[in-house]
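Undergrad: Shown below is the structure under consideration.
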Amino acid sequence: MQIEVVKSKIHRVKVTGADLDYIGSITIDEDLMDAANIIQGEKVQIVNNNNGERLETYAIPGPRKSGEITLNGAASRKVAVGDVLILITYARMDIEEAKQFKPSLVFPNEENNLLN
1 MQIEVVKSKI
11 HRVKVTGADL
21 DYIGSITIDE
31 DLMDAANIIQ
41 GEKVQIVNNN
51 NGERLETYAI
61 PGPRKSGEIT
71 LNGAASRKVA
81 VGDVLILITY
91 ARMDIEEAKQ
101 FKPSLVFPNE
111 ENNLLN
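According to the UniProt record's numbering, the sequence shown is numbered sequentially starting from 1.
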């Protein structure tokens, strides 16, 4: 049997942009992606602490050390600049592997989204 578990989490980052005209996705500072073990194109669940919205899209890397968190396309309608988000990815694995697995949890600076 396989189960789905949290693989990565970026906890409490602020939205820096919302671009309705972009094709879609979430742009994440590449330093944050690396720290959380998130790869380009990976499915990301977005939890908006300000309005309760939950949605899924895919990650694209933004400039390093920029703190960029931009929702693109239709997802941009679900956020406002300054909203606080939690970004989560999941992985499927055997239950015994899951018992040993340790997710990558990242807690950036809440003011600028940068790693401390």
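Quick reminder that beta carbons are idealized off the backbone N, C-alpha and C, glycines included.
(1) Please identify the residue among 68, 75, 3 and 6 whose C-alpha is closest to the C-alpha of residue 108.
(2) Just how far apart, CA to CA, sit residue 11 and residue 29?
(3) Helix, strand or coil, according to DSSP, for residue 77 in the structure here?
(4) With which residues is residue 43 paired in a DSSP beta bridge?
(5) Tell me, to the nearest whole angstrom, how far the beta carbon of residue 74 is from that of residue 17; I am working on the premise that it is less than 8 angstroms.
(6) Return helix, strand or coil for residue 38, following the three-state DSSP convention.
(7) Exposed or buried, which one is residue 80 when buried takes at least 16 other CB atoms within 10 Å?
(8) Are there 16 or more other CB atoms within 10 angstroms of the CB of residue 83, so buried, or fewer, so exposed?
(9) Kindly identify the DSSP beta-bridge partner or partners of residue 115.
(10) Classify residue 85 as buried or exposed, calling it buried when 16 or more other Cβ atoms lie within 10 Å of its own Cβ.
TA: On the basis of the coordinates in this document:
(1) Taking only the C-alpha atoms, the option nearest residue 108 is 68.
(2) C-alpha separation (whole angstroms): 14 angstroms.
(3) Here residue 77 sits in helix by DSSP.
(4) Answer is 58, bridged to residue 43.
(5) Incorrect: roughly 15 angstroms between the Cβ atoms, too far for contact.
(6) Three-state result, residue 38: coil.
(7) By the 10 Å Cβ count, residue 80 comes out exposed.
(8) Buried is the call here.
(9) Paired residue(s): none; residue 115 is not in a bridge.
(10) With 16 or more other Cβ atoms within 10 Å, it is buried.
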